[in-house]
Amino acid sequence: MINSPLLQCNQVRKAFPKPDGEELLVLDGMNLELREGQIMGLLGRSGSGKSTLLRLIAGLAEPSAGEVQYLGHPVVGPARGIAMVFQSFALFPWLTVFENVALGLEAQNLPRAEIRKRSLAAIDLIGLDGFESAYPRELSGGMRQRVGFARALVVHPNILLMDEPFSALDVLTAETLRTDFLDLWAEGRMPIKGVILVTHNIEEAVLMCDRILVFGSNPGRILSEIKVTLPQPRNRLDPSFRELVERIYVEMTARPKGAGPGGRQERFPGLGIGSVLPHVGSNILSGLMEAVAAAPFKGKADLPEIASDLQMEIDELFPVAETLQLLRFAELEGGDLKLTEDGLAFAHADIDERKRIFLRHLLAYVPLAAHIRRVLDERVSHSARKSRFIDELEDFMSEDDAEQTLRAVIRWARYAEAFAYDDENAMFSLENPT
Amino acid sequence: MKRFEPYVFLKGLASRWDVLAFIVVIGLIAFLGETAHGLFDPLAKLEAVPLSLDPVHLPEYAARTTFRMLAALFFSLVFTLTYATWAAKSERAGRLLVPILDILQSVPILGFISITSVFFLSLAPGRVLGAEFVAIFAIFTSQAWNMAFSFYQSLRTVPVELMEAAESFRLSAWMRFWQLETPFALPALVWNMMLSMSGGWFFVVASESITVGHSSVALPGVGSYIALAIQEKNLRAIGWAILTMLIVILLYDQLLFRPLVAWVDRFRVEQEPGERVPDSWALTMMRRSRLITASTLAFHKAVFWTSRLVKRTDKPLVEEQDRPKRRSLDLLWVSLLVVAVAGGLWHILAVLVVNTPLAEALHVCGLACLTMARVFILIALASVVWVPIGVWVGMRPRAAQIVQPIAQFMAAFPANLLFPIAVYGIVVGKLNPDVFLSPLMILGTQWYILFNIIAGATTIPAEMRYAATNFGIKGWLWWRRVALPAVLPFYVTGAITASGGSWNAAQVSELVSWGHTQIRARGLGAYIADAAAMGNFHQIILGVGVMSLFVVVINRLFWRPLYYYAERKYRMT
Chain A
30 MINSPLLQCN QVRKAFPKPD GEELLVLDGM NLELREGQIM GLLGRSGSGK
80 STLLRLIAGL AEPSAGEVQY LGHPVVGPAR GIAMVFQSFA LFPWLTVFEN
130 VALGLEAQNL PRAEIRKRSL AAIDLIGLDG FESAYPRELS GGMRQRVGFA
180 RALVVHPNIL LMDEPFSALD VLTAETLRTD FLDLWAEGRM PIKGVILVTH
230 NIEEAVLMCD RILVFGSNPG RILSEIKVTL PQPRNRLDPS FRELVERIYV
280 EMTARPKGAG PGGRQERFPG LGIGSVLPHV GSNILSGLME AVAAAPFKGK
330 ADLPEIASDL QMEIDELFPV AETLQLLRFA ELEGGDLKLT EDGLAFAHAD
380 IDERKRIFLR HLLAYVPLAA HIRRVLDERV SHSARKSRFI DELEDFMSED
430 DAEQTLRAVI RWARYAEAFA YDDENAMFSL ENPT
Chain B
499 MKRFEPYVFL KGLASRWDVL AFIVVIGLIA FLGETAHGLF DPLAKLEAVP
549 LSLDPVHLPE YAARTTFRML AALFFSLVFT LTYATWAAKS ERAGRLLVPI
599 LDILQSVPIL GFISITSVFF LSLAPGRVLG AEFVAIFAIF TSQAWNMAFS
649 FYQSLRTVPV ELMEAAESFR LSAWMRFWQL ETPFALPALV WNMMLSMSGG
699 WFFVVASESI TVGHSSVALP GVGSYIALAI QEKNLRAIGW AILTMLIVIL
749 LYDQLLFRPL VAWVDRFRVE QEPGERVPDS WALTMMRRSR LITASTLAFH
799 KAVFWTSRLV KRTDKPLVEE QDRPKRRSLD LLWVSLLVVA VAGGLWHILA
849 VLVVNTPLAE ALHVCGLACL TMARVFILIA LASVVWVPIG VWVGMRPRAA
899 QIVQPIAQFM AAFPANLLFP IAVYGIVVGK LNPDVFLSPL MILGTQWYIL
949 FNIIAGATTI PAEMRYAATN FGIKGWLWWR RVALPAVLPF YVTGAITASG
999 GSWNAAQVSE LVSWGHTQIR ARGLGAYIAD AAAMGNFHQI ILGVGVMSLF
1049 VVVINRLFWR PLYYYAERKY RMT
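Read top to bottom, the protein sequences are chains A and B.
Sequential numbering from 30 applies to the first sequence in the numbering used here.
Sequential numbering from 499 applies to the second sequence in the numbering used here.
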């Protein structure tokens, strides 16, 4: 039975009830299979449901429809052979390293001597020798995550789930942990048979995984699957490595094909008044435009290049790039970010000129901003309550999204001096504050 | 195209918030005038117009009581801003002032009333005002200390960078106090004001009927109303008083504390985005109303102008130059201390030790041990009940949202209003008072344990809970290794407050009466209450002294080490 999968998801769907009675769909039609000896990557932005999927697999939550199967049996509740490593480490601060590692075995009611032996072995394996009696707060981030790994490995799981395990660490530490993990995996010294890694770091996925599933959002689903056949250990500077990274960027920035699903633009559906706006400030918008306008990009930048240049992960970069696209300051296509004429003009302008350009684009391409401005212009008092617009927005979106959208517009409008907003009174107005 | 709006001129004149604000402000002024005009009446007039149990009078009584609370809160604030600032700013003074505050905090409140009443009555001889002073001072003593403590601690922990910024912008000490230190201290101070308030409500009942020697004064108020109802065994009147109190506390919460908490939120230094910002309709009203905005503007102007008047004095960076001067100041300070300590010792010797037989002292210590046993047993019992419930509620955000405000409200409600009902039960059921009076001590204070546990359980990070589930940690192992350690720091905070409150409550719960029947539990609280009723000064001082001693020692040897241990080992960062 060498070919039977470790884990299978069949048509898994997850939705959460919203306060207004409708439901929020986070995952739909999810099919995947993990086979022995594989490291599978789930790559996508926050909100694409990849962490939710991981929790469904771990049995920490239940799917609304469909089924997760582990070794041919449905997963109901936390399964014995599936262990998890967390982004925030999730160590118990009142337990020593040893006690943290031993806890999972204690829960299995094993004899004391065995708990001790296995815990020390796991601590030894992961390179924590000498730290047994330390408390988590005494350790650096990297050492803490090692405890997280030891704690997961000690229960001898078949499948190791990793939820962005390196994203809370600094660059150097993360790289050390990655290589240590890959070494142990290659040498077969860990008891695990398969790994699922959730990440939003494209290079990390290409570095570690045998298969990468690229996730799209609203609702979360698999856009494509990419096989990585490069031999381990992989070299980030290797041309074929770079090529693969580039390919995934293109994949993730692809325009929607016709009316069908699968594109990035659907975050701003229809671009009417009811579209949810991202929370991106004017400084980072100007910053990205300046970076793209300057040498060596000269107005057109390759996304992976500018991402590594600016030390930004896709989670941070994409919303900014998309906002530029929304404001028609840039075009996103084929993994490239290309400034429009006005985008270039903005990058080279002084502060006042920038504000003028921004104001023009804001009122022309963000219908909500134009709408608020029109209302304020029409009224004799030139003022309007926030609740008026919130009510309008809530016809299209959830309460939280309405709040976020209005905040985004307020930020941009303040920068463009399109209108003023007084937070204490929750009032929009055309006046400048006194 | 402009839209036509009718009555636009009216819109400029007043907003509907202005109308609301107008009603509230005029109401407040009328209320203050109403309550203040009786202050200068002679005491004899109080006796001429006896209290009435007719519920028609309750609104007026409630107003008088509320006024006392407000006045005491005002004095507590003044005390806090001066005493705590002095303690924080002067290292020399702080060394003495902080321990004094610590002791004052542990002195039972009834002790303050009986010892100081003569002095305050003599301030306005023969007038109601003197008796009001006594009541207000009693409430003050139940509010001021922890407020001062919180302010002191905030002043000591202003972030270094903010201090350096203030320094580099050359703010004068006066400006720094109003622009940096006070705003920084406000959130903690408001929280402590709320705690103080519930302590105040508890003793307002005890402080309105003052007994000095053989004469007694009953100030018009809810407290006196209840005392009279107990005397006349009128359960219905007690029900009315409880209802009144519920309404008053609700109003206080809505009109004073909710707006304060919402307002103070902006002074938090580390603001977690995404956390829910507190909301208050009353604060919205104040912000929307031009009337009230104008009056706050006056305060800002005052701060602005006084800041200009008080010039910055440049402090030399190296303070070593003035060594001889400093040394002589130190010498002066130490000699003052020696004189004060010697004087205090002599007084203790002359008044207390000489007049107290050893047997009496031992007897009082024995009573204190009884009360201590009661407090500890009750805290343990309350913990066994409320810790599991609190954890259960805290892990469910929906339940926590409902239960948390209720628990806080219960903590604010003066539990001694419910005593008569319990006493009635004990009298009718002929129960053993030594046992059955005890729960009254914790009736009002157990809620601190509950709401701290709830707060603690809500802070357990989701990932940590997932980790526990993922590794199959269940049942007793889960309680032992996950839930209990996670809430321990919060539990200790709650238990300390509950324990302190229970010691104080002992004075009113160990000796209770119903009509002419008195029931007592053996303990230090009953001893002090007895002594206060008879006006026996030596016994009062002895009882109060022993109680303070016990509370201070228990805090130092038990609660404080436990608190630091829990903070160090179990606090999540």
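By construction, the Cβ of each residue, glycine as well, lies at the ideal position given by its N, Cα and C atoms.
Item                                                                                                                        : Value
Continuous beta strand (DSSP E) assignments of at least 3 residues falling wholly in the region 649-676 of chain B          : none
Partner residues on chain A for G970 of chain B, Cβ-Cβ distance less than 9 angstroms                                       : P107, R109, G133, A136, Q137, V184
Proximity of W699 of chain B and M567 of chain B at Cβ, strictly below 9 angstroms                                          : yes
Three-state class that DSSP yields for P886 of chain B in the structure shown                                               : helix
Rounded C-alpha distance that separates M1070 of chain B from L124 of chain A                                               : 12 angstroms
R562 of chain B versus F907 of chain B: straight-line alpha-carbon distance, rounded                                        : 22 angstroms
Chain A within 9 angstroms of P918 of chain B, Cβ atoms only                                                                : no
Minimum C-alpha distance to L1022 of chain B - residue among B:A848, B:I947, B:N1002                                        : B:N1002
Assigned exposure category for D763 of chain B - 16 Cβ within 10 Å defines buried                                           : buried
Closest by C-alpha distance to P52 of chain A, when choosing among A:D420, A:N247, A:D158, A:G95                            : A small correction: the amino acid at residue 52 of chain A is Glu; Pro does not occupy that position in the sequence shown. The candidate whose alpha carbon is nearest that of E52 of chain A is A:N247.
Residues of the region 951-980 of chain B with Cβ closer than 8 angstroms to any Cβ of chain A, in chain order              : P959, E961, M962, Y964, A965, T967, N968, F969, G970, I971, K972, L975, R979, V980
Backbone secondary structure at R250 of chain A - three-state DSSP                                                          : strand
Rounded C-alpha distance that separates R166 of chain A from L1055 of chain B                                               : 27 angstroms
Of the residues B:W974, B:F969, B:A981, the one placed nearest A955 of chain B, counting alpha carbons only                 : B:A981
Three CB pairs or more closer than 8 angstroms across the region 186-202 of chain A and the region 70-90 of chain A         : yes
Short CB-CB distance (under 9 angstroms) between K799 of chain B and chain A                                                : no
Per-residue DSSP class, three states only, for N39 of chain A                                                               : strand
Beta-carbon spacing of S588 of chain B, A642 of chain B below 9 angstroms                                                   : no
Min CB distance A984 of chain B to chain A below 9 angstroms                                                                : yes
The region 604-613 of chain B contacting the region 627-645 of chain B, beta-carbon criterion three pairs below 8 angstroms : yes
Residue burial classification, R978 of chain B (beta-carbon count within 10 angstroms, cutoff 16)                           : exposed
Residue environment, P46 of chain A, which counts as buried when at least 16 other CB atoms sit within 10 Å                 : exposed
Short Cβ contact (9 angstroms threshold) for L82 of chain A with L71 of chain A                                             : yes
Endpoints, the beta strand (DSSP E) within which T228 of chain A is located                                                 : 223-228
Where the beta strand (DSSP E) through E362 of chain A begins and ends                                                      : 359-362
Among B:A646, B:I634, B:Y1025, the one whose alpha carbon lies nearest that of G864 of chain B                              : B:Y1025
Length of the line joining the Cα atoms of L915 of chain B and I724 of chain B                                              : 8 angstroms
Where M1070 of chain B meets chain A, residues with beta-carbon distance less than 8 angstroms                              : P122
Limits of the unbroken beta strand (DSSP E) element including G58 of chain A                                                : 52-63
Inter-residue CB distance, L182 of chain A and L139 of chain A (contact presumed, cutoff 8 angstroms)                       : About 15 angstroms; that fails the 8 angstroms criterion.
Below-9 angstroms beta-carbon distance, L1060 of chain B vs any chain A residue                                             : no
Under 7 angstroms from the C-beta of A179 of chain A: neighbouring residues of chain B                                      : Those within 7 angstroms of A179 of chain A in chain B number zero; the least Cβ separation is about 12 angstroms.
Opposing strand residues paired with W1012 of chain B [DSSP bridges]                                                        : B:T1015
Member of A:A359, A:A447, A:A376, A:T434 whose CA lies at the smallest distance from the CA of A399 of chain A              : A:A447
Cutoff 9 angstroms: Y164 of chain A Cβ touching any chain B Cβ                                                              : yes
Buried versus exposed call for F115 of chain A [16 or more other C-beta atoms within 10 Å across all chains shown]          : buried
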